[in-house]
Amino acid sequence: MPYYRAVGALPRQRHTQLRTEGGDLLREELMGEEGFSSDSSLLYHRGVPSAITDSQVWALPDQSRTPNHPLKPRHLRLQDLFTGEGAGACPVEGRRLVLGNNDVRISYVRTGTEPSPIYRNAIGDECVFVEAGSGTVETVFGVIAYRAGDYVVVPRSTDHRWVPAEPSRLYAIEANSHIHPPKRYLSRFGQLLEHAPYCERDLHGPTQTHVVDGQDVDVLVKHRTSAGVVGTRLTYATHPFDVVGWDGCLYPYTFNIEDYMPITGKVHQPPPVHQVFEGHNFVVCNFLPRKVDYHELAIPVPYYHSNVDSDEVMFYVGGDYEARKGSGIGIGSISLHPGGHAHGPQPSAIEASLGVDYFAESAVMVDTFAPLELGEGGLAVEDPSYAWSWAGRGPDAPGDDGGPAVFSNS
1150 MPYYRAVGAL PRQRHTQLRT EGGDLLREEL MGEEGFSSDS SLLYHRGVPS AITDSQVWAL
1210 PDQSRTPNHP LKPRHLRLQD LFTGEGAGAC PVEGRRLVLG NNDVRISYVR TGTEPSPIYR
1270 NAIGDECVFV EAGSGTVETV FGVIAYRAGD YVVVPRSTDH RWVPAEPSRL YAIEANSHIH
1330 PPKRYLSRFG QLLEHAPYCE RDLHGPTQTH VVDGQDVDVL VKHRTSAGVV GTRLTYATHP
1390 FDVVGWDGCL YPYTFNIEDY MPITGKVHQP PPVHQVFEGH NFVVCNFLPR KVDYHELAIP
1450 VPYYHSNVDS DEVMFYVGGD YEARKGSGIG IGSISLHPGG HAHGPQPSAI EASLGVDYFA
1510 ESAVMVDTFA PLELGEGGLA VEDPSYAWSW AGRGPDAPGD DGGPAVFSNS
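Per this note's numbering, numbering of the sequence shown is gapless, rising by one per residue and ending at 1559.
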């Protein structure tokens, strides 16, 4: 995080005694990144934060991945992933893996209103986009509220649980690293600069602690072994949310896309101007309602492009996405455009965009610098005709083997 915050009771100097009104000594926990050579926070617990009484296997949802081979672009209809009894899933245990590699995993879940178990991702930071719904996230640092359009950024190994106030649709970006604002947005001291499309006022962290008592409390921990991503259920002697105060620059926060200031230009701007976060070997961008190019001969939709180093994942969350008209993509869809494949607007969308001065569209994009594979959730909701949508016909079209065309542009 780029700035310091202090919440609750603290001693005047760090690493010195802090006691309760009854005289009990509080236990200090230093939570730090990169071997305590980067951001950190100091938390003051009433119990012992390392006191576990049991450790059992937690069976994770299916984490298997299937290579994108033979290579082709993909359209995944996430709105079809949870239907009937599948809706109302646990915000943590109900997540279904859509896409992933060894740097980042993208999952999706439609929740009910039951709280999740207490959860800790010990692999990396999480950036969860709230497609719909509202509620709170209770954490060891305190409580933060979430609403539609929020990114909820949870640092690695932060104990937390989701408490939906209403059914929510959550798009979870789970890193194997930390997630932070792009370095080019920050001063050498960590302040968000004037050219950045958001500032510290837009980032909302906990404002008070959330002291909870309890004994023999279970925490679901996602972590790594040589076999890959695994889960453990740890039982703690005292409740993890027993923190009476903390300070530092490491904590969960929310950022809503309404507060992002899109950067526009005389001609079409490249994807990096839409960046909001970055992690190791991936970036997160958002494409939001905005005025578009004002050159008299501008073509507002993107040019065809080959991002030769990346796979591109676009999650369509609002409005009418101009470049994808005629492709079958709609709200709740994901497109995967892999490295090695040039992609861009549907042919009919180019002429249709001329003279348009405003796009009312919202999408979240993840670009990865290693190939993405499909999770079981992605395979379950793939639209098999999408890859052929630019040509208007596929391998079963007349002239190939005499079969019917599988797609025609609108």
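All residues carry an ideal CB built from backbone N, CA and C; glycine is no exception.
Residue span of the alpha helix (DSSP H) that contains Pro1496, given as start and end: Pro1496 to Ser1502
Short Cβ contact (8 Å threshold) for Leu1399 with Ser1189: yes
For Phe1431: DSSP bridge partner residues: Gly1428 and Thr1517
Classification of Asn1251 by the beta-carbon crowding that lies within 10 angstroms, buried from 16 upward: exposed
Identity of the residues DSSP links to Ser1189 by a beta bridge: Gly1181
Proximal residues to Asp1458 (C-beta, below 7 Å), its chain only, five neighbours per side dropped: Gly1488 and Phe1518
Backbone secondary structure at Ala1238 - three-state DSSP: strand
Glu1263 classed as buried or exposed, judged by whether at least 16 other C-beta atoms fall within 10 angstroms: exposed
Distance CB(Arg1439)-CB(Pro1419) smaller than 8 Å: no
Cα-Cα separation, Asp1173 to Leu1191: 18 Å
Classification of Ala1321 by the beta-carbon crowding that lies within 10 angstroms, buried from 16 upward: buried
Distance CB(Ile1293)-CB(Pro1401) smaller than 8 Å: yes
Range of the contiguous alpha helix (DSSP H) that encloses Ala1155: Where Ala1155 is concerned, there is no enclosing alpha helix (DSSP H), although the beta strand (DSSP E) it sits in stretches over Arg1154 to Gly1157.
Segment contact flag, the segment 1213-1232 with the segment 1499-1515, C-beta cutoff 8 Å, min 3 pairs: no
Three CB pairs or more closer than 8 Å across the segment 1329-1343 and the segment 1284-1299: no
Exposure label - Gln1495; buried when at least 16 CB within 10 Å: buried
Minimum length 3: unbroken beta strand (DSSP E) runs contained in the segment 1291-1378: 1291-1295, 1299-1303, 1309-1313, 1318-1324 and 1364-1374
Span separating the alpha-carbon of Cys1276 from that of Ala1540: 36 Å
For Asp1408, three-class secondary structure by DSSP: helix
Exposure label - Asp1308; buried when at least 16 CB within 10 Å: buried
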